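Chains as they are written, first to last, in the numbering used here: chain C, 95 to 518; chain Z, 141 to 557.
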């Protein structure tokens, strides 16, 4: 008999990168006999697309709305009235977010609390998963698990480049929060996370992606798909989520044209508004071998790239280093995290000096002392650098489930003994 | 009045007619706006316009954290209904901290107003600037103890109704919206009034030359006909083919609670035997006219379209362009034709062949609130009038003085008289 036969797992999915981390783990748990139910909730970011693109069946929190309408109506009226009063009397603190945005956020919280509760009551899961408990969906699911003593596994999947304040509640309701390695774990612990509930297991998707996208055939295929000649060198700009002014890329474009045999790819953060990109890049339009991509597999691009330029704060910088790519870093105003401060990237100011830095890296490669720093940096960030993290997470989940079962069995026996003792 | 760019866009600028109408009614109006206003528009306006900016600027993480901390303090004791889950715990780390857009843009200032008018915010139509303007204005009014009126622009009814902030009075565009506010405990019935169609038109997108003409002519028309604002009026279109109906309708109207005004219109070109239409009107209905509190008779100098919009209810002995248009502008309409049709044509158009039954229909509409539609100016006047001096509505029963044989007929001279 498989070890998880009869066990039910409920997993919240939202954006495509949630899939990359959670689906491989779920597949392993299903192989062990667990029944996995995926679910999602209403969002302007259209989480439904995530499921449709990979053909994954899912349940939707809003399907439960009719069942919990009365609770929502009561909860909403209470919250709305009180929030309105406080908003008007708060002396501006609560007005800093436009009210119509708060309206949508708070209403959806109340709907989700009640709908998730109805879903959890119906599914009766033995274990729940979500990418993290930072957003409202993950936090609500965490609370419901906590209330019902259901184990809850989350992830800090990505570089912790934000302000420490933002990591304060990452490990609140999670039975365990899986993270890459020492660096992220320390950020979570410094922000108040319980070290006993943080598991350093490596990255679920990065190393499998490196294996998949760095094979010569994969690179050739990716270049062909993009329309880049096989012999061309590729400079990949990894554009973080930020507000961009209009690009003045003339020095870069002149360099590219003079050099020849070079393609430039701008890969934009998936959450960045398209109009920001459009406004920033009028001078990049229509130039051969200059690509501006948003909805595209970053790993395919990393695999084919020869030099990467990280612009602003983004996990893609550490991923480029994991791919072994030379990295140039452009700091944006207000950035707290910079790769050059760790000695792992060549700093650049902008389009004026980037061509020269790329040329040097292409000609001479990464200097050995920097290579050493990159190695140390990666070692601090990744406890494991292999493609077994999904297995490690699945094993951890199995242990948690078996431990819980043993605990319940213990309780049952204890109850039976108590009953026998009190009813001789 | 706060007037946000979002509502100017929604109404295709028509909302600017609202302060215009208040000014026409004699109010001194200041509009604080985030809408684009040219110097010429500002100069031409019959009210004061103040442009308010809420500049967009980059908010640093430290400021975001401090503001989020302030929010947590403000919300620390709030939990979600049916749980002990603090609201701030879900709100703070992702949604609130990431959505802060309005830092250091609000200032304390005196509003120097007797009443503040603010559109109700809708989730379907809004902007950062409009939201800021409305919540800021209301917070100031609340702090300074100034009464407030909320007006519906974006349609009420969505489940997201936090933008319907607490105010003293509300003016909405439909009975549906009124019922919604009451049902969702956003307001008590006495706090909510429904706009007259002609004014709510200013809060819809799209233009209609018929209503535009009325809005441009209402004041001179009222002055000419000597029908003050707030007068409850019944429009009874006249036609010499339907004398029996008109006579019995006028008689039936005497059963209605007073005061009210009956407005009718004749065509000076119509002559039957030796009688011009106005003579027919005066002679045939002599007895009935004498028993009515106020009758205004006019001629083709005032269009039927204008009259039907001026009045609160239309009672017509015949279907015509009038009844066609009244249905389009949601004017309660009764068609009363002896031996004619009986039944409901649409929500607000009833065919009733028996004139005796017409008052009951009007009473029914009154009870349903259909005839209580009003204007912003009248709501404000009501708010500013001490309670003991307030009327109880347009159908307030009052003792009328003994009627003259033909009271108040012909305030307007018929051409050729």
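Built from N, CA and C at the ideal position, the CB exists for glycine as well. Remember, it's a predicted structure, so these values are computed and weren't measured experimentally.
- Proximity to residue 291(C) across 166(C), 274(C), 266(C) peaks at 266(C), based on C-alpha coordinates.
- In the structure shown, the three-state DSSP call for residue 256(C) is coil.
- Taking C-beta separations shorter than 7 Å and ignoring five residues to either side along the sequence, the partners of residue 386(Z) in its chain run 376, 378, 425, 457, following chain order.
- Under the 8 Å criterion on CB atoms, residue 309(Z) is classed as non-interfacial with respect to chain C.
- Judged by DSSP in its simplified three-state form, residue 362(C) adopts strand.
- Going by beta carbons, residue 289(C) and residue 269(C) fall outside the 8 Å limit.
- What residue 271(Z) touches in chain C, judged by beta-carbon distance under 7 Å, is 192, 193, 194, going in chain order.
- With respect to residue 469(Z), residue 337(Z) sits close: the two C-beta atoms are nearer than 8 Å.
- DSSP places residue 441(C) inside the beta strand (DSSP E), whose first and last residues are 440-442.
- Counting other Cβ atoms within 10 Å of its Cβ, residue 348(Z) stays below 16 and is therefore classed as exposed.
- The Cβ of residue 201(Z) sits closer than 8 Å to at least one Cβ of chain C.
- Identification of residues in the segment 208-233 of chain C having a C-beta nearer than 8 Å to some C-beta of chain Z yields 208, 228, 229, 230, 233, given in sequence order.
- Nearest neighbour of residue 404(Z) by Cα position, chosen from 392(Z), 395(Z), 427(Z), 434(Z), turns out to be 434(Z).
- Counting the other Cβ atoms within 10 Å of the Cβ of residue 502(C) gives fewer than 16, which makes it exposed.
- The beta carbon of residue 138(C) sits no closer than 8 Å to any beta carbon of chain Z.
- Residues of chain Z whose Cβ lies closer than 7 Å to the Cβ of residue 257(C) are, in chain order, 201, 205.
- Setting aside the 5 residues that flank it on each side, residue 238(C) is surrounded in the same chain by 210, 211, 214, each with a C-beta closer than 7 Å to its C-beta; the list follows chain order.
- For residue 198(C), the residues of chain Z that pass the 7 Å Cβ criterion are 263, 300, in the order they occur in the chain.
- In the DSSP annotation of this structure, the continuous segment of the beta strand (DSSP E) that includes residue 491(Z) starts and ends at 489-491.
- Its Cα nearest to that of residue 253(C), the residue 414(C) stands out among 424(C), 414(C), 510(C), 456(C).
- Interface with chain C (8 Å Cβ-Cβ cutoff): residue 306(Z) is included.
- When the beta-carbon positions are compared, residue 109(C) and residue 495(C) stay at least 8 Å from each other.
- With contacts defined as CB atoms closer than 8 Å, residue 260(Z) and residue 303(Z) qualify as a contacting pair.
- By the criterion of at least three beta-carbon pairs nearer than 8 Å, the segment 291-300 of chain C is in contact with the segment 482-493 of chain C.
- With contacts defined as CB atoms closer than 8 Å, residue 116(C) and residue 223(C) qualify as a contacting pair.
- In the structure shown, residue 190(Z) adopts extended strand secondary structure according to DSSP, grouped into three states.
- At a beta-carbon threshold of 9 Å, none of the residues of chain Z lie near residue 161(C); the nearest stands roughly 14 Å away.
- Here the C-alpha atom of residue 476(C) lies approximately 55 Å from the C-alpha atom of residue 258(Z).
- Using a CB distance cut-off of 8 Å, residue 325(Z) counts as an interface residue toward chain C.
- Distance check between residue 430(Z) and each of 390(Z), 478(Z), 509(Z), 503(Z) places 390(Z) closest, using alpha-carbon atoms only.
- The C-beta of residue 174(C) has 16 or more other C-beta atoms within 10 Å across all chains shown, which makes the residue buried.
- For the C-beta of residue 228(Z), not a single chain C residue is nearer than 9 Å; the gap to the nearest is close to 10 Å.
- The distance from the Cβ of residue 280(Z) to that of residue 251(Z) is about 5 Å, consistent with a contact at the 8 Å cut-off.
- In the DSSP assignment, residue 250(Z) falls outside any beta strand (DSSP E) and carries neither an H nor an E.
- Selection 416(C), 206(C), 105(C) evaluated against residue 128(C) yields 105(C) as nearest (Cα-Cα).
- Contact check for residue 273(Z) and residue 289(Z): beta-carbon distance about 16 Å, past the 8 Å limit, so the pair fails to qualify.
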